[in-house]
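Here the structure comes first, spelled out in C-alpha coordinates, and everything after it is commentary.
Residue numbers (my numbering): 129 to 283.
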(Lines of atoms letter the chains of each structure in order from A and count residues from 1; the text may use other names and numbers.)
(Lines give C-alpha, C1' and ligand atoms only; values in the text may rest on other atoms or scores of the structure.)
Protein backbone atom coordinates (compact mmCIF):
# COMPACT_ATOMS: atom_id res chain seq x y z
CA UNK A 1 0.00 0.00 0.00
CA UNK A 2 1.29 3.46 -0.88
CA UNK A 3 1.73 6.38 1.48
CA UNK A 4 -1.28 8.10 -0.01
CA UNK A 5 -3.39 5.01 0.59
CA UNK A 6 -2.28 4.87 4.22
CA UNK A 7 -3.04 8.58 4.70
CA UNK A 8 -6.51 8.15 3.19
CA UNK A 9 -7.17 5.16 5.42
CA UNK A 10 -6.00 7.12 8.48
CA UNK A 11 -8.23 10.10 7.61
CA UNK A 12 -11.24 7.85 7.07
CA UNK A 13 -10.65 6.11 10.40
CA UNK A 14 -10.26 9.45 12.19
CA UNK A 15 -13.51 10.71 10.66
CA UNK A 16 -15.38 7.49 11.48
CA UNK A 17 -14.52 7.43 15.20
CA UNK A 18 -16.66 10.44 16.20
CA UNK A 19 -19.54 9.08 14.11
CA UNK A 20 -19.32 5.70 15.79
CA UNK A 21 -19.23 7.35 19.21
CA UNK A 22 -22.28 9.45 18.34
CA UNK A 23 -24.26 6.34 17.39
CA UNK A 24 -23.82 4.67 20.75
CA UNK A 25 -26.35 5.60 23.41
CA UNK A 26 -25.69 6.64 26.94
CA UNK A 27 -25.49 3.74 29.36
CA UNK A 28 -28.77 3.22 31.16
CA UNK A 29 -28.87 4.74 34.61
CA UNK A 30 -29.45 2.25 37.39
CA UNK A 31 -33.08 2.19 38.50
CA UNK A 32 -33.98 4.31 41.49
CA UNK A 33 -34.46 2.35 44.71
CA UNK A 34 -38.04 1.34 45.33
CA UNK A 35 -39.64 3.69 47.89
CA UNK A 36 -41.31 0.68 49.50
CA UNK A 37 -37.95 -0.93 50.31
CA UNK A 38 -37.34 1.34 53.30
CA UNK A 39 -40.86 0.66 54.57
CA UNK A 40 -40.29 -3.10 54.26
CA UNK A 41 -36.97 -2.91 56.12
CA UNK A 42 -38.57 -0.86 58.90
CA UNK A 43 -41.40 -3.38 59.19
CA UNK A 44 -38.93 -6.27 59.42
CA UNK A 45 -36.90 -4.45 62.08
CA UNK A 46 -40.03 -3.56 64.06
CA UNK A 47 -41.22 -7.18 63.92
CA UNK A 48 -37.86 -8.44 65.20
CA UNK A 49 -37.87 -5.84 67.98
CA UNK A 50 -41.42 -6.76 68.98
CA UNK A 51 -40.50 -10.47 69.09
CA UNK A 52 -37.56 -9.64 71.35
CA UNK A 53 -39.77 -7.50 73.63
CA UNK A 54 -42.31 -10.35 73.82
CA UNK A 55 -39.58 -12.83 74.74
CA UNK A 56 -38.06 -10.63 77.46
CA UNK A 57 -41.16 -9.17 79.08
CA UNK A 58 -44.06 -11.59 79.76
CA UNK A 59 -46.28 -8.73 80.94
CA UNK A 60 -46.52 -7.35 77.39
CA UNK A 61 -45.83 -10.56 75.48
CA UNK A 62 -49.33 -10.76 73.98
CA UNK A 63 -49.32 -7.14 72.79
CA UNK A 64 -45.75 -7.29 71.48
CA UNK A 65 -46.54 -10.59 69.77
CA UNK A 66 -49.47 -8.96 68.00
CA UNK A 67 -47.19 -6.14 66.86
CA UNK A 68 -44.62 -8.66 65.62
CA UNK A 69 -47.23 -10.66 63.70
CA UNK A 70 -48.75 -7.60 62.06
CA UNK A 71 -45.49 -5.86 61.18
CA UNK A 72 -44.17 -9.12 59.74
CA UNK A 73 -47.31 -9.39 57.57
CA UNK A 74 -46.81 -5.79 56.44
CA UNK A 75 -43.19 -6.51 55.53
CA UNK A 76 -44.29 -9.54 53.52
CA UNK A 77 -46.94 -7.55 51.65
CA UNK A 78 -44.47 -4.76 50.89
CA UNK A 79 -41.83 -7.24 49.65
CA UNK A 80 -44.41 -8.91 47.39
CA UNK A 81 -45.28 -5.54 45.86
CA UNK A 82 -41.60 -4.67 45.40
CA UNK A 83 -40.99 -8.03 43.71
CA UNK A 84 -44.11 -7.65 41.55
CA UNK A 85 -42.92 -4.33 40.13
CA UNK A 86 -39.28 -5.38 39.73
CA UNK A 87 -38.92 -9.15 39.97
CA UNK A 88 -35.70 -10.27 41.63
CA UNK A 89 -33.01 -11.16 39.12
CA UNK A 90 -31.46 -13.91 41.22
CA UNK A 91 -32.74 -16.78 43.29
CA UNK A 92 -31.40 -15.27 46.50
CA UNK A 93 -34.04 -14.06 48.95
CA UNK A 94 -34.59 -10.38 49.58
CA UNK A 95 -32.30 -8.90 52.23
CA UNK A 96 -33.74 -8.75 55.69
CA UNK A 97 -32.72 -7.01 58.87
CA UNK A 98 -29.61 -8.89 59.98
CA UNK A 99 -28.67 -7.24 63.23
CA UNK A 100 -30.37 -8.25 66.44
CA UNK A 101 -32.66 -5.52 67.72
CA UNK A 102 -31.53 -3.46 70.66
CA UNK A 103 -34.19 -3.62 73.35
CA UNK A 104 -33.96 -1.50 76.51
CA UNK A 105 -33.53 -3.38 79.77
CA UNK A 106 -36.85 -2.50 81.42
CA UNK A 107 -40.36 -3.17 80.17
CA UNK A 108 -41.55 0.44 80.16
CA UNK A 109 -38.59 1.64 78.09
CA UNK A 110 -38.90 -1.32 75.73
CA UNK A 111 -42.58 -0.58 75.07
CA UNK A 112 -41.78 3.13 74.63
CA UNK A 113 -39.06 2.24 72.09
CA UNK A 114 -41.50 0.04 70.20
CA UNK A 115 -44.15 2.80 70.19
CA UNK A 116 -41.51 5.25 68.95
CA UNK A 117 -40.54 2.89 66.12
CA UNK A 118 -44.21 2.48 65.16
CA UNK A 119 -44.69 6.26 65.20
CA UNK A 120 -41.70 6.71 62.88
CA UNK A 121 -42.98 3.96 60.57
CA UNK A 122 -46.46 5.50 60.51
CA UNK A 123 -45.04 8.89 59.56
CA UNK A 124 -42.75 7.37 56.91
CA UNK A 125 -45.65 5.42 55.37
CA UNK A 126 -47.99 8.42 55.44
CA UNK A 127 -45.39 10.53 53.62
CA UNK A 128 -44.71 7.76 51.10
CA UNK A 129 -48.44 7.36 50.40
CA UNK A 130 -48.45 10.89 49.00
CA UNK A 131 -45.67 10.16 46.51
CA UNK A 132 -46.22 6.59 45.31
CA UNK A 133 -48.49 5.78 42.36
CA UNK A 134 -52.16 5.45 43.24
CA UNK A 135 -52.18 1.68 42.80
CA UNK A 136 -49.58 1.44 45.60
CA UNK A 137 -51.04 4.14 47.83
CA UNK A 138 -53.64 1.77 49.28
CA UNK A 139 -50.98 -0.65 50.49
CA UNK A 140 -48.82 2.12 51.92
CA UNK A 141 -51.83 3.78 53.53
CA UNK A 142 -52.81 0.51 55.17
CA UNK A 143 -49.28 0.23 56.59
CA UNK A 144 -49.64 3.71 58.11
CA UNK A 145 -53.07 2.86 59.52
CA UNK A 146 -51.80 -0.45 60.84
CA UNK A 147 -48.96 1.25 62.67
CA UNK A 148 -51.42 3.70 64.24
CA UNK A 149 -53.62 0.88 65.49
CA UNK A 150 -50.63 -1.10 66.79
CA UNK A 151 -49.58 1.92 68.86
CA UNK A 152 -53.03 1.76 70.49
CA UNK A 153 -52.49 -1.93 71.27
CA UNK A 154 -49.36 -0.98 73.23
CA UNK A 155 -51.00 2.00 74.99
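For each residue, glycine too, the CB sits at the ideal point set by N, CA and C.
The structure presented is a predicted model; accordingly, all values stated were derived computationally and were not measured.
Residue environment for residue 177: buried (at least 16 other C-beta atoms within 10 angstroms of its C-beta). The Cβ atoms of residue 272 and residue 257 lie closer than 8 angstroms to each other. Under the 10 Å beta carbon count, residue 174 is surrounded by 16 or more other beta carbons and is classified as buried. Looking from the CA of residue 199, the closest CA among 171, 229, 281 belongs to 171. Taking every protein chain shown into account, the CB of residue 268 has 16 or more other CB atoms within 10 angstroms, so this residue is buried.
Going by C-alpha positions, residue 251 is about 18 angstroms away from residue 262. With 16 or more other CB atoms across the displayed protein chains lying within 10 angstroms of its CB, residue 191 is buried.
Look at residue 194 here: in three-state DSSP terms it is helix.
The residue from 279, 168, 136 with its alpha-carbon nearest to that of residue 211 is 168.
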